[in-house]
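Chains as they are written, first to last, in the numbering used here: chain A, 1 to 302; chain B, 303 to 604; chain C, 605 to 906; chain D, 907 to 1208.
Worksheet for the structure shown next.
Number of protein chains: 4
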Amino acid sequence: MKRYTGTIPAAYTPCLPNGDLDLAPIPAMARMFAEQKCPAAFVCGSTGESHSFTTDERKAVAAAWKKHAPAGLDVIVHVGHNCQREAMALAAHAKEIGAAAVSALAPSYFKPATPKDLVDFLRPIAAAAGTLPFYFYDIPSMTNVVFPADRVMKLAAEAIPNFVGLKYTSSDLMRLQSCLAFEGGKYEVLFGTDEILLATLALGIKGGVGSTYNYASPVYRRIYDAVARGDHDTARREQLKTVRLVEVLLEHGVLRTGKAIMSLIGHDCGPIRPPFAPVGKEELAEIRRKLAPLDIFVSPIS
Amino acid sequence: MKRYTGTIPAAYTPCLPNGDLDLAPIPAMARMFAEQKCPAAFVCGSTGESHSFTTDERKAVAAAWKKHAPAGLDVIVHVGHNCQREAMALAAHAKEIGAAAVSALAPSYFKPATPKDLVDFLRPIAAAAGTLPFYFYDIPSMTNVVFPADRVMKLAAEAIPNFVGLKYTSSDLMRLQSCLAFEGGKYEVLFGTDEILLATLALGIKGGVGSTYNYASPVYRRIYDAVARGDHDTARREQLKTVRLVEVLLEHGVLRTGKAIMSLIGHDCGPIRPPFAPVGKEELAEIRRKLAPLDIFVSPIS
Amino acid sequence: MKRYTGTIPAAYTPCLPNGDLDLAPIPAMARMFAEQKCPAAFVCGSTGESHSFTTDERKAVAAAWKKHAPAGLDVIVHVGHNCQREAMALAAHAKEIGAAAVSALAPSYFKPATPKDLVDFLRPIAAAAGTLPFYFYDIPSMTNVVFPADRVMKLAAEAIPNFVGLKYTSSDLMRLQSCLAFEGGKYEVLFGTDEILLATLALGIKGGVGSTYNYASPVYRRIYDAVARGDHDTARREQLKTVRLVEVLLEHGVLRTGKAIMSLIGHDCGPIRPPFAPVGKEELAEIRRKLAPLDIFVSPIS
Amino acid sequence: MKRYTGTIPAAYTPCLPNGDLDLAPIPAMARMFAEQKCPAAFVCGSTGESHSFTTDERKAVAAAWKKHAPAGLDVIVHVGHNCQREAMALAAHAKEIGAAAVSALAPSYFKPATPKDLVDFLRPIAAAAGTLPFYFYDIPSMTNVVFPADRVMKLAAEAIPNFVGLKYTSSDLMRLQSCLAFEGGKYEVLFGTDEILLATLALGIKGGVGSTYNYASPVYRRIYDAVARGDHDTARREQLKTVRLVEVLLEHGVLRTGKAIMSLIGHDCGPIRPPFAPVGKEELAEIRRKLAPLDIFVSPIS
């Protein structure tokens, strides 16, 4: 089975100024990701404002990414939805368009009561994707569905033939180790909290899916490279830059700030959808001022 | 403006054994609600597994209720959705079919950061319903969007012309009083936690929307009547029966148990959708055994 | 067994400007409570900054209250402590000084894993008080020990001979009903959330322990009286005044503001202890301005 | 300033079968720690059931450790307490007995509202320890006091002359990096979640304080050694053993199981104090069975 290494951007979903979906920026974003040697794009995930788009819009986004992805850039489609049947439709669509893989998170309005209920929810979604690899996307901070990830992994491995691993956006690094070790490392774990990547490389992580990989992949490449050559001081120094980045994201709102940053690197993704407040000109200028000193971006932002 | 008094069932959404939507039971449910003197049915809400149905399914459910509701039974359509545009489509549809009112809860995967962000999210949804009365549905235990309800009410009153009040499913009875008193009681508050109704009648509540009103409205009518004649002992005794009911619901899972109870009173609503586990025959028999002694149901259940 | 009706102030613990314990104001406070027809004072509880005082200080406070309480004013001593042995010492002391009853909350740094563990923790504390009546003080918002209160009540009734009831500072009004009904109402429930008292009178509550009873007992007497004569409009209007009060408390910090209010009614209790910030002159003036219009206080505050 | 490297056991506090404090096992424990090359013992912390012992008992424990600690084994005394004045007394006592350093956590019944309120609470405690180094002990999972640790560090560095760093028992590895980098690494950070130590060594951690260091320091020494020679596979394999250990701890209750394990390695610490249930013979046998295969202990446990 294919394994991913390095930075997989969780792509933003571009909008027109009126909030309508805007597919136009996708080709250039896809080219940029390919140039950055990203092995794949993870589309329609949390960063892509999944739950804020209609099912038809999400299909259109996935199709546009698949159509414009240069050779070498896989398209992984997030199909998670509170409604299992919508998720199944999205998974079937991902299969049709030839996506590389699908992923789904837990339903979060109605919450599964047990890990088994969760896997029972996921099974038909994974099945709808046929033989595409299926990743469970664990993000308890957003879903409030908090189960030991290794327990979910075990149940999913038993019940879902195309289960291949996890997108792991959880702070539980104990369970992460258990997942990485499960059945001799048979399943992949893509880590999802960019600003602590270095800690997880030590535990055996090889690649990650994250929002800051959209615009700051160079700093992460330097982290991977430093670790590979045993230069931990450099790795820490570079990772610390991402901590400074995330401080700004937290201060202004992670998702809305991240999407606004895209405009600063020449890939304007337009406004964020409600319930998030748009980033106005003045706030954007302030964000730019705070970020300009950080040497982490794909292209200069000042 | 119209005000509701008494019990408004938050209707279950019927399914076929395979989980497909089943509109067939709706007419009889609507007649039963009318016979029970319920002033309205609240459809496609949490009890109706809102987030587990597609937008098209939700439209079909709302239309069926509107078509089959006897004179005197209003249909209030819950149109809340994580995706504002889906919610707007549902609200526009509710207007088209001639619903009596619409209601929407807060988005809960992506959460508004402030009460203002919440009201900005709701405004276009309410607008899509035209002049239909709009209720904000506050249910922080499910959404984890926890704002002072009176603050939201004030902002909504300013920003949303057709805002008429709240469906209040929160345990914060301090803010409830503030909402009831806001602008001299200009806005309606429908209470949503059936098993403590009596406590809120003392604060000025006149009616409620709840799941147990589907099958147990007689006990609540007795509570309203007892309060009206100042017979608090009877009111407490009757309310205590609903506490015993809810103990069983909590033990077996509120939503899945409630939907299963419908089959015990002759209005089989079929299985619940994932992520909830279905109630099997043995568990149903156990639930029936536990509930049979309670004198609260629309029709005998043993 | 004795039952309490009406308002039992959870007394503030007075301090000198340097933060040292100050017993001097206690006699006047005790007289004021007696004049207000309060049946008891609940001392060294949360309002009394229990956990911020040493065991010796808490003994001194309890002894001072007992010594100065006029006839008719019972002294209930809160002896809860994270350390069971400290709590036992406080309970034994309460017995020695002739307190009317003792109460203890759950340990909250180390938390019991089950209701049984909680009752096993409480049992020796209650035993140390000999035959004094023992109340379990349930306040999950502070302790994060969240068990169904009726379950704890049942276990305590079985295991603790001198268990007489609960001080109930929880928003769970469903379990409250179950507690009130347990064994035919054999156990007392004193309600602890003053600003929703009216809701709980409807459920059968007869009296309460709370912080605002220190300075605002008149408004609560009017509520009790209005309910007794069936005048619900007055009861709601009066209860609403306490909602306005609590809005100010919430805005400035409940405990620190409440203690500061004591100085506004002529019973200066001095500064609050860390970790709360003291209320300075300007903030006190602002609090006074906000509260002055409320007609609820023992004595004029402007 | 002195820096610690390696494993600092957060020592259990021994009790007699009746729950009374038992100082007798301390000398042998101290010798064992010294033999294991532990640079210090952290006494009267969470693992030492801090909040379950009286102030006098805590002083006796600290004094016994100081008296019996072999040369080379520092004694760091945890003096945190909900009551600031008790904490100050403990800090003054630690100074008197010649402890190497003191540490205190946040008050957790009454919680500071801001980082400044927290530091204002800590300042007099640190001052009471004179010139002894002072560590803030951040453990939000227990205290529910959740502030950005780097913000607390900055304020503490400004306000507390003898502030030297943190005992960091938080899962927030982003803020950890910021703390490690603060003022060029001027302050020490001792990590407190043993089972993810490896992740934090990558971020710059040099030593930790933890409960499993009481009985399993050999496995951690192998982790430190493997990392030092760049053998990450061995490091992961060894760390994974501790994950298996912690799974057993979580299953049976972390603190009560850990204390019981001491009896399995020949340092019986007696029963745990309430509110934790004691570990009976059968459960102990079951724990032994589960742990025996793990090659991590100071001495054989089967």
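For glycine and all other residues, C-beta sits at the position ideal for the given N, C-alpha and C.
Which of helix, strand or coil DSSP assigns to residue i
i                  : result
isoleucine 1202/D  : coil
aspartate 117/A    : helix
alanine 668/C      : helix
glutamate 1101/D   : helix
leucine 284/A      : helix
histidine 380/B    : strand
valine 949/D       : strand
leucine 794/C      : strand
leucine 23/A       : coil
isoleucine 1178/D  : coil
arginine 531/B     : coil
alanine 99/A       : coil
phenylalanine 53/A : coil
methionine 907/D   : coil
histidine 1158/D   : helix
histidine 871/C    : coil
Rounded C-alpha distance that separates residue i from residue j
i                 : j                 : result
leucine 854/C     : isoleucine 891/C  : 11 Å
isoleucine 1167/D : glutamate 49/A    : 48 Å
glutamate 57/A    : leucine 21/A      : 7 Å
leucine 392/B     : alanine 1063/D    : 56 Å
alanine 159/A     : glutamate 388/B   : 32 Å
aspartate 231/A   : tyrosine 224/A    : 10 Å
glycine 374/B     : isoleucine 399/B  : 16 Å
tyrosine 741/C    : leucine 859/C     : 18 Å
histidine 569/B   : tyrosine 4/A      : 52 Å
alanine 277/A     : aspartate 419/B   : 6 Å
aspartate 120/A   : glycine 192/A     : 24 Å
lysine 1071/D     : alanine 940/D     : What sits at residue 1071/D in the sequence shown is glycine, not lysine. Cα-Cα distance, rounded: 23 Å.
proline 897/C     : arginine 848/C    : 10 Å
cysteine 179/A    : glutamate 1153/D  : 13 Å
asparagine 622/C  : threonine 658/C   : 16 Å
arginine 289/A    : serine 952/D      : 43 Å
alanine 396/B     : alanine 431/B     : 7 Å
alanine 966/D     : isoleucine 1031/D : 19 Å
lysine 369/B      : valine 377/B      : 10 Å
leucine 264/A     : isoleucine 301/A  : 5 Å
One or two residues paired with residue i in a DSSP bridge
i                   : result
phenylalanine 136/A : Ala104/A, Leu166/A
phenylalanine 182/A : DSSP output for phenylalanine 182/A lists no bridge partner at all.
proline 613/C       : Gly814/C
cysteine 317/B      : Leu323/B
Assigned exposure category for residue i - 16 Cβ within 10 Å defines buried
i                : result
asparagine 748/C : exposed
serine 712/C     : buried
proline 737/C    : buried
asparagine 818/C : buried
arginine 425/B   : buried
proline 886/C    : Before going further, note that residue 886/C is glutamate rather than proline in the sequence given. Its Cβ having fewer than 16 others within 10 Å, glutamate 886/C is exposed.
leucine 620/C    : exposed
arginine 1128/D  : buried
lysine 339/B     : exposed
lysine 908/D     : exposed
alanine 530/B    : exposed
serine 305/A     : Residue numbering for chain A in the displayed model covers 1 to 302; residue 305/A lies beyond these limits and cannot be assessed.
| Counting Cβ pairs closer than 8 Å, one from the region 1107-1117 of chain D and one from the region 270-278 of chain A, do we hit at least three? | no
| message | Quick check: the region 232-244 of chain A against the region 182-201 of chain A, are at least 3 beta-carbon pairs closer than 8 Å? | response | yes
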